[in-house]
Structures are given as structure tokens and as C-alpha cells.
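Each residue of the sequence shown is one higher than the one before, counting from 11 in my numbering.
Even for Gly, the Cβ is constructed at its ideal location relative to N, Cα and C.
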Amino acid sequence: RGQSLVHGMRRKLALLAAAAGGGGALPLSCAKQFHARLIVASPCIPDDLRLRLLRSYAAHGEFASAHRLLDEAPRPASPLLYNAVIRAHSRRLDLPTALALFASMRRSATPPDAHTFACVLRACADCDRPGGAKTLHGIASTSGWSSHPIVGSALVSAYSKFLLVESARHVFDGLREPDLVLWNSMMSGYGYREMWLEGLQLFSAMRRAGEEPDGYSMVSLLSSFWDPEALAFGQAVHGVCIKGGYDSGHHGNCRLASMMSHLICSEKCATLAGGLTAS
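Have a look at this one:
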């Protein structure tokens with residue numbers, strides 16, 4: 011009877027989660043109600059239902075209940091349980107708790123996986139903690155995860171955000187067959203530093219590798235062109251955008267207009283200033 015009850019509750023949970031949206035999180039009142047019924051129905055909550063409840067609690071900031079579900083899970087616990095709690099704290103920019111859970115996970119019988127590293131790296135980037143990202147990079151390297159595409163992408167994005175483009179490029183060059191997101195992340199790093207020549211070289215390398223740029227690629231590249239000396243190159247990239255249809259997106263249009271206006275005005279001002287000096 012208990013098993014059939016759990017089976018019926020599993021179906022109801024799935025339907026409720028689908029109706030609620032929000033990544034499958036249940037309304038908090040529903041999560042508490044189902045949790046109580048599960049405790050009565052079964053001495054051990056099935057892993058899939060435990061994960062569903064834990065994610066629901068974490069999504070609503072009910073961390074005491076989420077942590078309790080994690081602590082009470084049979085060992086070794088699924089990495090999905092740890093990752094769900096770590097992700098929830100990371101999204102709230104609670105980096106100390108996320109790092110403490112990461113450390114606890116390393117001490118447990120459940121080692122961190124690629125998603126764990128990526129989640130904590132993103133939290134370090136969002137909280138502007140380059141030291142934390144470097145430490146995580148070292149741990150990922152010694153545990154064999156640094157070359158994983160998910161971890162590599164998170165490292166490139168984090169280092170680019172910290173303006174540590176040399177470190178980002180080192181990671182990028184060590185990845186096999188980077189996808190478009192990775193190419194764009196690396197170009198964004200050059201954009202943050204206004205390194206337009208390196209951005210152009212990377213863009214050319216991307217096209218030689220057979221990767222088709224998208225609107226985000228062009229926006230990332232155009233972010234580099236704030237130096238008036240780069241006007242001709244910026245205009246050439248603008249032409250590529252128009253020819254390839256990459257300027258049709260609202261975000262791309264705004265960046266294109268802003269970049270071109272800034273550069274053209276800068277050039278005109280410089281010319282005017284030179285004329286005034288000569289006279």
C-alpha cells in the first residue's frame with residue numbers, strides 16, 4: 011500500500027511541477043504537504059522525490075528544509091542533491107555557504123562533478139571573487155575536471171569577467187572543439203579589455219574552425235572597438251554584421267549604433283581639435 015501511495019504521489023508531483031513552471035519547483039505549501047505525506051507513507055523517501063522536494067524548498071529560500079533533506083539522504087548522496095542546494099545559494103550570491111557546501115561535498119563520499127564546479131565558479135564571478143575562482147581552478151585541475159567543456163566554459167567566463175584574459179585564453183586553448191558559447195565568452199573577455207586586435211584574431215580563428223558566428227559573437231567583438239584608431243576595423247566588422255544579417259537583433263543594433271557613434275564622433279573631434287591647433 012505504501013509503495014502504491016508513493017507511486018501516486020510521484021505522478022501528482024510531476025503534474026504539479028509541470029503546471030507550476032519555474033524549473034519544476036513546487037509551490038512551497040504543496041512541497042510541505044507532500045513532504046509530510048511522504049514521511050508517513052514511506053520510511054525512506056525515494057531519490058527522485060527527495061530531489062524534487064529539495065529543489066522546491068531551495069527555490070523558495072526554505073534552506074533549513076532543503077539542508078535537512080540533503081543531510082538525511084542515504085550515503086553516498088547523489089551529486090544532484092548537493093548541486094541543487096549549492097546552485098540555490100549561488101543564485102542568491104551567498105558565496106560563503108556555497109563554498110562551505112562545496113568543501114563538505116569534497117569531504118564526503120560524493121565528489122563534485124562538472125556541474126558543481128561550474129555553479130561555484132559562476133558564483134565567484136558574480137560575487138567578484140577572482141581568488142576563489144583561481145582556487146577552484148586548481149582543485150578542478152588536480153581532480154581532472156578542468157578540461158571538461160562545462161567547467162572550461164565557466165572558467166573562461168569567470169576569468170573574462172575578472173579581466174584576466176590571459177588566464178581565460180590559457181583555459182580556452184586547452185579545450186577541444188570549443189562551442190560557440192565558449193568562443194563568444196573569450197571574445198567578450200577581449201571586449202572588456204578593449205583588446206580589439208586579439209578579438210579580431212580570435213574571430214578569424216573561429217571562422218577558420220568552421221564555427222558560424224551569431225549576433226552575440228558580433229556584439230562581443232564590437233565591444234573591443236572603443237579606440238578611435240580602430241575605426242576602420244570597426245567599420246569593416248559593421249559591414250560583416252550587415253552582410254551576415256547579425257545586426258537585426260535589438261541588442262546588436264544598440265551596440266552597433268553606440269560603437270559607431272562613439273568612434274565617428276571621436277574621430278571628428280580629433281580632426282576638429284587638430285585644425286584648431288594648426289590655426
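Between residue 133 and residue 86, is the Cβ-Cβ spacing less than 8 Å? no
Return helix, strand or coil for residue 96, following the three-state DSSP convention. helix
Put residue 106 into one of helix, strand or coil per three-state DSSP. helix
Neighbourhood of residue 112 by C-beta distance below 6 Å, restricted to the same chain and skipping five residues each side: 130
From what residue to what residue does the alpha helix (DSSP H) around residue 217 run? 206-218
Cut-off 6 Å between Cβ atoms - residues of its own chain near residue 97, not counting five sequence neighbours on either side: 129
Residues in its own chain within less than 7 Å of residue 150 by CB, not counting five upstream and five downstream? 127, 156, 161
Measuring alpha carbon to alpha carbon, tell me which residue in 204, 91, 60, 166 is nearest residue 180. 166
Using the three-state DSSP reduction, which class does residue 85 fall into: helix, strand or coil? coil
Residue interval of the alpha helix (DSSP H) (run including residue 129): 124-136
For residue 160, which three-state DSSP category applies? helix
Kindly list the residues whose CB is nearer than 6 Å to the CB of residue 89, restricted to its own chain and excluding five residues on each side of it in sequence; keep chain order. 120, 123
Give the DSSP-derived three-state secondary structure of residue 44 in the structure shown. helix
Check residue 155 in the structure and name its three-state DSSP category. coil
Run the CB neighbour count on residue 227, radius 10 Å, all protein chains shown included, and call it buried at 16 or more, exposed below. buried
Host alpha helix (DSSP H) of residue 230 (start-end): 225-232
Where residue 172 falls: helix, strand or coil (DSSP): coil
At the level of alpha carbons, what is the spacing between residue 38 and residue 109? 26 Å
Would you mind giving the Cβ-Cβ distance between residue 234 and residue 204, rounded to the nearest angstrom? I have them listed as a contact below 8 Å. 6 Å
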